[in-house]
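Undergrad: This is the structure, below, for whatever I ask next.
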Amino acid sequence: MPRMTAARAAVEILKREGVAHAFGVPGAAINPFYAALKGAGGIDHTLARHVEGASHMAEGYTRTHPGNIGVCIGTSGPAGTDMITGLYSAIGDSIPILCITGQAPTAVILKEDFQAVDIASIAKPVTKAATTVMEAAQVPGVFQQAFHLMRSGRPGPVLIDLPIDVQLTEIEFDPETYEPLPAFKPAATRAQIEKAVTLLNASRRPLIVAGGGIINADASGLLVEFAELTGIPVVPTLMGWGILADDHELNAGMVGLQTSHRYGNANFLESDFVLGIGNRWANRHTGKLDVYTQGRTFVHVDIEPTQIGKIFAPDYGIASDAKAALELFVEVARELKTAGKLPDRSAWAASTQERKAQLQRRTHFDNIPMKPQRVYEEMNKAFGPETRYVTTIGLSQIAGAQMLHVYKPRHWINCGQAGPLGWTIPAALGVATADPETPVVALSGDYDFQFMLEELAVGAQHKIPYIHVLVNNAYLGLIRQAQRNLDINFQVNLEFENINAPELGVYGVDHVRVAEGLGCKAIRVTDPSRLGAAFEEAKKLAAEHRVPVVVEAILERITNISMSGSDIASVNEWEDVATEPGHAPTAIKPLKV
């Protein structure tokens, strides 16, 4: 039997489980693993500047392609605690990543040794499993189980903590005969799908709410086929955006308190039946449940049985992987269509498109300082349907979701449940690493950008080009807008007069010089008529220098973005809505007045 260190066995398992790339920061307690990583070869590694950044890079890597599992690596103590935010983000959005940490020797873990912390206990609430491996011979089994867990049921992250003496201990392990464990995914039965379709066919104005579980299951094509067979309009959730193209005739728009379309909410309020697949009824999607559910029948399909009924009780629930369920939905729909037993939904579907043409937000403003809406209009012009957008939270993300267009699954890569500031830069680097051939455009407000901007140096060092659109109003914009309800404007303004950049006025941080100091390129835009040229220049710079390129748009200090504080029937439109086609020139449909 071959003998090798437990660390080497772990690396050999990673390769046989399909891992080709890892992100991390070495340290004394994880160095034996890094030695094995170097000795074994076959796994590329990106050195992060912050261990939390490595965890978000792993998330971006996973989210880019079906089957990807991002791996992040750190040493003992604070490296693991730094990665907790990444684990929380991953479990909230059902994203499998593997976090590997070093640990103090087994004999001193409980003796307050340097950087000895019970990371497994800390990580348990935000992982599917978190284990400190105390016996070297268990390492292969723990890694094998980790991949099995990440792929089974609702996907999610796993942490494996390796004491340094465990890593160095030699064990018997044969990589050539290693086999991954088969993943378990619950599957709907034919009878369950037939009952759901019977309920659906009894309705007059049904909608499908398509969640991120469909993207996780790589089942977007099946969802589109089922919608087209039945003629039922589709509401993508924020995590499901891109399942069907924004310009598809059955795309009814997004629904919610914040990241929603005017026509999306209006279409939902006209519905009488909702089939939710791979979604979790997030509170910013539903708003107040009495408004969301009143007068509607609900069928909920989710891979996690305990998710059904967690937010509200559906009329019928099915525990199933989205792909397994959709295969049967398509099969049943085909049979009913052949038999002429599918209701004609054309009038209902056409009415949703009428609302799409009538209920639009204005994006075209010529103001200086510029309004953020104009930035997204120019982004629509500059970046085509192949673009992968990456963003996390804030008014920038909310407005982007209201005004940008997405045409393919995994082309809107958003941290949905956790929403940590600083996520965008490292996640974009992970996305661009996973898919270097597709344009990647990140979107941040100034505070999200400042949280982990040191990771831009990673893009410069490792030649990872992407474009980062930075909308800067020197405010915590979303929090400032929320504080209106308390009649305060407290500790949310970031303005100061930068003694080294007086040309910025009160906008404070000189993001252009910071980005350039980190080895990247940057362009500042103050006139909205220059945005298009700046985006084109950014594309050229990214292609020539193979580094991240920041395009900073200097915004008016205060803009309120459309949203509701309570329910989807009462969204506050702070700006004048579009009343003529020139107000929304990049809308999916020309404005109908």
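Sequential numbering of the sequence shown, starting at 829, is according to the working numbering. Cβ coordinates follow ideal geometry from the N, Cα and C atoms, glycine included. The model shown is predicted, which means the values in this text are computed figures rather than measured ones.
From the DSSP output, in three-state form, read off A1080 for me.
TA: Coil, per DSSP.
Undergrad: Report all residues from its chain with a CB closer than 8 Å to the CB of V1160; omit the five preceding and five following residues, and keep chain order.
TA: For V1160, where only same-chain residues beyond five positions count, the Cβ hits under 8 Å are R1018, I1021, E1022 and V1025.
Undergrad: For the beta strand (DSSP E) containing W1240, name the first residue and the last one.
TA: W1240 -> beta strand (DSSP E) spans W1240 to N1242.
Undergrad: In terms of alpha-carbon separation, which member of H884, K1138 and A1415 lies closest to R1108?
TA: Selected option, being the one with the closest Cα: K1138.
Undergrad: Work out the CA separation of A1361 and T890 for me, nearest whole Å.
TA: Between T890 and A1361, the C-alpha separation is close to 33 Å.
Undergrad: Would the stretch 1187-1207 count as touching the stretch 1237-1244 if we require 3 or more Cβ pairs under 8 Å?
TA: Not touching, per the Cβ criterion.
Undergrad: Could you tell me the alpha carbon to alpha carbon distance between A964 and L1306, rounded to whole angstroms?
TA: Going by the C-alpha atoms only, they are around 49 Å apart.
Undergrad: Taking just the CA atoms, how far does G1273 sit from H1233?
TA: One C-alpha to the other measures close to 19 Å.
Undergrad: Return yes when the Cβ of F851 is within less than 8 Å of the Cβ of M885, no when it is not.
TA: In this structure, F851 lies closer than 8 Å to M885 by Cβ.
Undergrad: Could you tell me the alpha carbon to alpha carbon distance between V1129 and A1015, rounded to whole angstroms?
TA: In a straight line, the C-alpha of V1129 is about 10 Å away from that of A1015.
Undergrad: Thinking C-alpha only, which one of W1402, W1069 and V1299 is nearest T1354?
TA: Of the listed residues, the one whose Cα sits closest to T1354 is V1299.
Undergrad: Once the 5 residues before and after G881 are set aside, which same chain residues still bring their CB inside 6 Å of it?
TA: Result list for G881: P1254, M1280 and E1283, in chain order.
Undergrad: Mind listing, in chain order, the continuous beta strand (DSSP E) runs of no fewer than 3 residues lying wholly within the stretch 955-1018?
TA: Those beta strand (DSSP E) runs which fall completely within the stretch 955-1018 and span 3+ residues are 957-960, 986-991 and 998-1000.
Undergrad: Indicate the three-state DSSP secondary structure (helix, strand or coil) for I1416 in the structure shown.
TA: Coil.
Undergrad: Assign Q1181 to one of three DSSP states: helix, strand, or coil.
TA: In this structure, Q1181 counts as helix in the three-state DSSP scheme.
Undergrad: For the alpha helix (DSSP H) that P1034 lies in, which residues bound it at each end?
TA: P1034 -> not in any alpha helix (DSSP H); beta strand (DSSP E) instead, spanning P1034 to A1038.
Undergrad: Output the distance between the C-alpha atoms of P1061 and P1418, rounded to the nearest integer angstrom.
TA: Approximately 19 Å, taken between the alpha carbons.
Undergrad: On the three-pair Cβ rule with 8 Å, is the stretch 1032-1047 touching the stretch 994-1007?
TA: No: fewer than three Cβ pairs fall under 8 Å.
Undergrad: Short of 6 Å in beta carbon distance, which residues of its chain neighbour A835, apart from the five on each side in sequence? Order them along the chain.
TA: Contacts found: P860, F861, A864 and Q995.
Undergrad: Leaving out the 5 sequence neighbours to the left and right, which residues in its chain are closer than 7 Å to M829 when beta-carbon positions are compared?
TA: Excluding sequence neighbours, M829 sits near E1000 and D1002.
Undergrad: Do the stretch 1214-1224 and the stretch 1257-1276 make contact, defined as three or more Cβ pairs closer than 8 Å?
TA: In short, these stretches touch, since the Cβ pair count reaches three.
Undergrad: Within its chain, find whatever has a CB closer than 6 Å to the CB of A1150; leave out the 5 residues flanking it on each side and keep chain order.
TA: Hits under 6 Å: G1041, I1042, A1045, A1047, I1105 and G1106.
Undergrad: Could you say which of V1377, G981, V1063 and E1163 lies nearest to G1347 if we only look at CA atoms?
TA: Per the Cα distances, V1377.
Undergrad: Confirm, please, whether the CB-CB distance from A944 to T960 is below 8 Å.
TA: It is not a contact, given that the beta carbons lie outside the stated cut-off.
Undergrad: Among all the DSSP beta bridges, which residues are the ones paired with S1272?
TA: Partner(s): L1298.
Undergrad: Which one or two residues does DSSP pair with C900 in a beta bridge?
TA: Answer is F851 and C927.
Undergrad: Name the two residues that bound the continuous beta strand (DSSP E) containing F1054.
TA: Segment S1048 to T1058 is the alpha helix (DSSP H) holding F1054; no beta strand (DSSP E) there.
Undergrad: Measuring alpha carbon to alpha carbon, tell me which residue in F1096, V1052 and A1227 is nearest I1396.
TA: For the residues F1096, V1052 and A1227, the minimum Cα distance to I1396 belongs to F1096.
Undergrad: Leaving out five residues before and five after F1054 in sequence, what residues of the same chain have Cβ atoms less than 7 Å from its Cβ?
TA: Taken in chain order, the residues that qualify are L1154, F1157, V1158 and A1161.
Undergrad: What are the boundary residues of the alpha helix (DSSP H) that V1119 is part of?
TA: L1117 to T1121 is the span of the alpha helix (DSSP H), which, as asked, contains V1119.
Undergrad: Using C-beta distances below 7 Å, list every residue in its chain close to K1184, excluding the 5 sequence neighbours before and after it, in chain order.
TA: Around K1184: G1081, Y1091, I1416 and K1417.
Undergrad: On the criterion of 16 or more Cβ atoms from any shown chain inside 10 Å, does G1430 qualify as buried, or is it exposed?
TA: Residue 1430 falls outside the range modelled here, since the chain spans only 829 to 1421, and no answer is possible.
Undergrad: Measuring CA to CA, which of D946, N1321, T874 and P924 is closest to P906?
TA: Comparing Cα-Cα distances from P906 to each of D946, N1321, T874 and P924, the minimum goes to D946.
Undergrad: Going by the beta-carbon positions, is the gap between A932 and L987 smaller than 8 Å?
TA: In this structure, L987 does not lie closer than 8 Å to A932 by Cβ.
Undergrad: For M832, list the residues DSSP reports as bridge partners.
TA: Its beta-bridge partners are I999.
Undergrad: Where do the ends of the beta strand (DSSP E) carrying L1304 lie?
TA: First-last for L1304: undefined, no H or E at that position.
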